[in-house]
Amino acid sequence: MGLGEVEVHLHHDRDTRSTLREKFEGTLASLGRHGLVPRVRGEDRWAFIHGNWCLANSRADGAHCGVDDELDLLHELGCYADFTFPSAPDRTQPRIVNSIYYPSGDMKRRRAHERGRPASVGDGRMERVLCMQGPLALSLRQGPGLPLRIDAGALTARDPATLSRLESWIDQGVSVRGKPEWVFVKLSTHGAPEREADSLLGAPQRRFHEALAWLGKREGFRVHYVTAREMYNIARAAMDGRLGDPFEFHDYEIPPAARACQA
Numbered sequence: 035m036g037l038g039e040v041e042v043h044l045h046h047d048r049d050t051r052s053t054l055r056e057k058f059e060g061t062l063a064s065l066g067r068h069g070l071v072p073r074v075r076g077e078d079r080w081a082f083i084h085g086n087w088c089l090a091n092s093r094a095d096g097a098h099c100g101v102d103d104e105l106d107l108l109h110e111l112g113c114y115a116d117f118t119f120p121s122a123p124d125r126t127q128p129r130i131v132n133s134i135y136y137p138s139g140d141m142k143r144r145r146a147h148e149r150g151r152p153a154s155v156g157d158g159r160m161e162r163v164l165c166m167q168g169p170l171a172l173s174l175r176q177g178p179g180l181p182l183r184i185d186a187g188a189l190t191a192r193d194p195a196t197l198s199r200l201e202s203w204i205d206q207g208v209s210v211r212g213k214p215e216w217v218f219v220k221l222s223t224h225g226a227p228e229r230e231a232d233s234l235l236g237a238p239q240r241r242f243h244e245a246l247a248w249l250g251k252r253e254g255f256r257v258h259y260v261t262a263r264e265m266y267n268i269a270r271a272a273m274d275g276r277l278g279d280p281f282e283f284h285d286y287e288i289p290p291a292a293r294a295c296q297a
């Protein structure tokens with residue numbers, strides 16, 4: 035119906051660059067036949083989330099990936115941004131947190147995203163995948179156990195979105211350096227299986243969006259709901275020093291896919 039946008043989320047294990055390339059190319063071809071992949075100058079442009087958080091062979095044992103130079107391959111095949119992290123407390127969590135950044139150094143090395151250069155106003159687009167992280171915070175735990183917990187922005191039936199979590203996510207200030215007034219809050223779910231559906235589609239989520247609207251009115255900020263592609267485009271506009279309403283730049287660099295254009 036043209037109501038949503040589709041990116042690539044892949045769980046894979048002990049691949050080589052060659053076998054992984056085959057999987058990506060097959061997936062992109064299938065999505066492309068349905069008009070779900072944006073194209074720029076005749077090339078596919080898409081975003082990525084790695085299954086099990088194992089981007090660029092992040093686990094020492096090589097499980098759930100196997101390809102050290104995955105970031106290099108992603109860029110070669112037209113991936114413009116990675117949305118995998120945060121993953122704490124998992125071992126795959128990189129040392130960089132609450133950031134939008136370009137990995138630095140050799141993109142063919144394992145865990146190349148461990149080091150990077152923050153995206154900043156005045157920066158141009160680099161020829162590599164932009165890493166766009168969600169908020170990672172310490173927050174108070176409700177109920178028994180330790181008083182603090184790690185909040186990695188995952189929405190589940192046991193841990194639905196709440197006003198207190200929202201305030202914590204905003205406080206992490208994920209933004210383009212030099213443009214702190216444009217704050218990005220990227221959350222994650224694992225879809226809507228029965229055990230999660232009510233928290234994502236029912237009363238808890240409705241209460242969350244009502245709280246978001248109330249907080250925006252109280253604090254004087256505007257809320258923009260965006261897709262992964264639109265989030266990337268707005269970040270790129272910030273890097274280029276654009277002013278005004280950020281949603282004016284939701285198609286700034288990567289256009290919508292053909293199917294989305296029908297809406």
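Residue numbers (the working numbering): 35 to 297. All C-beta atoms, glycine included, are put in the ideal place defined by N, C-alpha and C.
Collapsed DSSP secondary structure at residue i in the structure displayed
i    : result
S173 : strand
I134 : strand
F82  : strand
L65  : helix
E56  : helix
A297 : Any reading at A297 is ruled out, since the residue's pLDDT is 47, under 50, leaving its predicted position unreliable.
A300 : A question about residue 300 goes unanswered here, because the residues of the chain that appear run from 35 up to 297.
L200 : helix
A188 : strand
H258 : coil
L89  : coil
Residues near residue i by beta carbon distance below 8 Å, same chain, minus five either side
i    : result
S202 : P169, A171, S173, D185
L182 : L172, S173, L174, R175
When the options are compared against residue i, the one with the closest alpha-carbon
i    : options          : result
A271 : S209, L111, A237 : S209
Q239 : V257, K251, A195 : A195
A245 : M265, S198, G236 : S198
K57  : R73, E282, L107  : L107
Same chain, Cβ closer than 6 Å to residue i, neighbours up to 5 away in sequence not counted
i    : result
H43  : I83
S154 : R211, G212
Proximity test, Cβ basis, 8 Å: residue i and chain D
i    : result
A231 : The chain inventory of the structure shown lacks chain D, comprising one protein chain alone.
Residue environment, residue i, which counts as buried when at least 16 other CB atoms sit within 10 Å
i    : result
H45  : exposed
L180 : exposed
Y135 : buried
S64  : exposed
E253 : exposed
Contacts around residue i, its chain only, beta-carbon distance under 7 Å, and the 5 residues preceding and following it disregarded
i    : result
R129 : E148
I204 : V217, V219
L70  : V40, A291, R293
R51  : V101, D103, L107
Problem set entry | Minimum length 4: unbroken alpha helix (DSSP H) runs contained in the segment 99 to 169 | 104 to 110
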